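Following: one structure in structure tokens, then a few remarks.
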Amino acid sequence: MDKFKKYYFIGTLIILMCLLAFFGGPRSWGANTQTNVSGSNTSIEGGYTGGATTYESGSSSSTTTNSTSNSNIRSAPPTAGAPSYNSMTQDVCAVGISAGIQTFGIGVSGGKHIIDKNCERLKLARILNDFGMKVAAVAILCQDERVFESMIQAGTPCPIDGKIGKEAKALWSKYDHERPDYDIYVKRMKEREKKEKAIAKAKALEEKKLAKEQAQMTKEFDEFDKQVEKKIEEKKKKIEWLTPK
Numbered sequence: 440m441d442k443f444k445k446y447y448f449i450g451t452l453i454i455l456m457c458l459l460a461f462f463g464g465p466r467s468w469g470a471n472t473q474t475n476v477s478g479s480n481t482s483i484e485g486g487y488t489g490g491a492t493t494y495e496s497g498s499s500s501s502t503t504t505n506s507t508s509n510s511n512i513r514s515a516p517p518t519a520g521a522p523s524y525n526s527m528t529q530d531v532c533a534v535g536i537s538a539g540i541q542t543f544g545i546g547v548s549g550g551k552h553i554i555d556k557n558c559e560r561l562k563l564a565r566i567l568n569d570f571g572m573k574v575a576a577v578a579i580l581c582q583d584e585r586v587f588e589s590m591i592q593a594g595t596p597c598p599i600d601g602k603i604g605k606e607a608k609a610l611w612s613k614y615d616h617e618r619p620d621y622d623i624y625v626k627r628m629k630e631r632e633k634k635e636k637a638i639a640k641a642k643a644l645e646e647k648k649l650a651k652e653q654a655q656m657t658k659e660f661d662e663f664d665k666q667v668e669k670k671i672e673e674k675k676k677k678i679e680w681l682t683p684k
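Using this note's numbering, you'd call the opening residue of the sequence shown number 440 and step up by one each time.
Spelled out as structure tokens, the structure:
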């Protein structure tokens with residue numbers, strides 16, 4: 440009997456220990472998943488009762504702050520600088536030209552030197568004249584079409600092949616393709632030819648008109664002469680000649 444009580448007591452003790460281990464241990468509550476963009480979160484886990492609010496399964500607090508900032512800044516584009524030309528002396532016949540273009544994204548500029556042919560011509564003519572070569576000075580000036588035309592208009596044609604005056608004029612007429620103003624000369628000659636044709640046509644019409652008028656007048660004169668002669672004949676028939684006694 441005592442042995443049975445001992446076994447009963449041990450079994451009861453084991454059952455109580457198992458129940459205590461199952462129900463009396465610390466309980467764990469799953470934490471909630473939290474997502475935040477900006478700010479802080481507070482998580483309360485476990486059973487909690489405070490005031491009029493009861494937190495049994497935990498709670499979360501989320502704070503979200505969104506901020507958008509836009510800026511529109513416009514600034515003037517840099518300016519394209521065209522290169523400059525610098526000459527050390529005044530006795531030059533070179534001219535500097537430059538240009539530049541600027542857009543908002545890119546700028547381009549450039550420059551170069553060009554030779555002034557008219558300036559060179561004047562300097563060469565001045566030097567030749569100083570050396571006493573007046574015909575050569577005039578000849579080099581005659582390379583300009585304006586000078587050549589003015590010399591022709593003045594009746595003193597430019598030198599050619601060592602000829603001056605009338606001989607030079609004859610050679611320029613023969614070799615007109617060598618004239619510095621050849622294009623202008625050809626155009627002028629064509630215009631003159633058209634004008635001459637128009638004048639000749641007007642003159643022919645005038646002569647034809649005069650010839651027609653003269654023919655009409657001649658015809659009228661012939662008719663008049665015939666009428667006069669007819670009247671004279673009629674008067675001759677009316678005259679009776681008496682025989683003298």
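All C-beta atoms, glycine included, are put in the ideal place defined by N, C-alpha and C. Small disclaimer: the values here were computed from a predicted structure and weren't measured.
| said: Whether or not the region 586-594 and the region 564-574 are in contact is what I'm after, with contact meaning three or more pairs of Cβ atoms, one per stretch, closer than 8 Å; do they touch? | reply: No, the region 564-574 does not touch the region 586-594.
| Uninterrupted alpha helix (DSSP H) stretches inside the region 596-676 (no shorter than 4 residues) | Within the region 596-676, the complete alpha helix (DSSP H) segments at least 4 residues long are 604-613, listed from N- to C-terminus.
| field | Same chain, Cβ closer than 7 Å to alanine 576, neighbours up to 5 away in sequence not counted | value | The residue given as residue 576 occupies position 137 in the sequence shown. The answer, listed in chain order, is Ala564, Leu567, Asn568.
| Taking just the CA atoms, how far does glycine 546 sit from glycine 535? | Along the sequence shown, read from residue 1 onward, the residue named residue 535 stands at position 96. Along the sequence shown, read from residue 1 onward, the residue named residue 546 stands at position 107. The straight-line gap separating the alpha-carbon atoms of glycine 535 and glycine 546 is approximately 20 Å.
| query | In whole angstroms, what is the alpha-carbon distance linking phenylalanine 660 and isoleucine 671? | reply | Position 221 of the sequence shown holds residue 660. Position 232 of the sequence shown holds residue 671. Distance between the alpha carbons of phenylalanine 660 and isoleucine 671 is about 16 Å.
| request: Name the residue from Ser537, Cys558, Val625 whose alpha carbon lies nearest to the alpha carbon of glycine 549. | output: Position 110 of the sequence shown, counting from 1, holds the residue named residue 549. Among Ser537, Cys558, Val625, the Cα nearest to that of glycine 549 belongs to Ser537.
| request: Apply the 10 Å Cβ neighbour rule to arginine 618 and answer buried if 16 or more other Cβ atoms are within range, or exposed otherwise. | output: As a first step, residue 618 must be located in the sequence shown, where it is residue number 179. Of the other Cβ atoms in all chains shown, 16 or more fall within 10 Å of the Cβ of arginine 618; this residue is therefore buried.
| Got a sec? Which residues, its chain only, sit under 6 Å from glycine 620 by beta carbon, not counting five neighbours each side? | Sequence index remark: in the sequence shown, residue 620 carries index 181 (1-based). One point to set straight first is that residue 620 is aspartate, not glycine, in the sequence displayed. Result list for aspartate 620: Glu584, Phe587, Glu588, in chain order.
| With cysteine 597 and glutamate 559 assumed to form a contact (beta carbons below 8 Å), what rounded beta-carbon distance in angstroms separates them? | Stepping through the sequence shown from its first residue, residue 597 is reached at position 158. Stepping through the sequence shown from its first residue, residue 559 is reached at position 120. Contact doesn't hold; Cβ gap of about 18 Å is too wide.
| field | Whole-angstrom distance between lysine 651 and lysine 636, CA atom to CA atom | value | Along the sequence shown, read from residue 1 onward, the residue named residue 636 stands at position 197. Along the sequence shown, read from residue 1 onward, the residue named residue 651 stands at position 212. In a straight line, the C-alpha of lysine 636 is about 22 Å away from that of lysine 651.
| Looking at the structure shown, is valine 534 part of a helix, part of a strand, or coil, going by DSSP? | As a first step, residue 534 must be located in the sequence shown, where it is residue number 95. Valine 534: strand per DSSP, three-state reduction.
| When the Cα atoms are used, what is the spatial distance from lysine 608 to valine 574? | Locating residue 608 in the sequence shown gives position 169, counting from the first residue. Locating residue 574 in the sequence shown gives position 135, counting from the first residue. Spanning the two alpha carbons is a distance of roughly 15 Å.
| message | I need the straight-line Cα distance from leucine 644 to lysine 633, nearest angstrom please. | response | Working through the sequence shown from its first residue, we reach residue 644 at position 205. Working through the sequence shown from its first residue, we reach residue 633 at position 194. Computed Cα separation, rounded: 17 Å.
| Beta carbon of isoleucine 599, beta carbon of tryptophan 611: below 8 Å? | Sequence index remark: in the sequence shown, residue 599 carries index 160 (1-based). Sequence index remark: in the sequence shown, residue 611 carries index 172 (1-based). With contacts defined as CB atoms closer than 8 Å, isoleucine 599 and tryptophan 611 qualify as a contacting pair.
| Which residues DSSP lists as bridging serine 548, in chain order | Taking the sequence shown and counting its residues from 1, the one referred to as residue 548 is at position 109. DSSP output for serine 548 lists Gly539 as bridge partner(s).
| Close-in-space but distant-in-sequence residues of the same chain around lysine 562 (CB under 6 Å, 5 per side omitted) | Residue 562 sits at position 123 when you count from the first residue of the sequence shown. Excluding the 5 residues flanking it on each side, lysine 562 has no same chain C-beta neighbour closer than 6 Å.
| said: On the criterion of 16 or more Cβ atoms from any shown chain inside 10 Å, does isoleucine 579 qualify as buried, or is it exposed? | reply: In the sequence shown, counting from the first residue as 1, residue 579 sits at position 140. Buried is the label assigned to isoleucine 579, since at least 16 other Cβ atoms lie within 10 Å of its Cβ.
| DSSP beta-bridge partners of isoleucine 554 | Indexing the sequence shown from 1 puts residue 554 at position 115. Ala533, per the DSSP bridge assignment.
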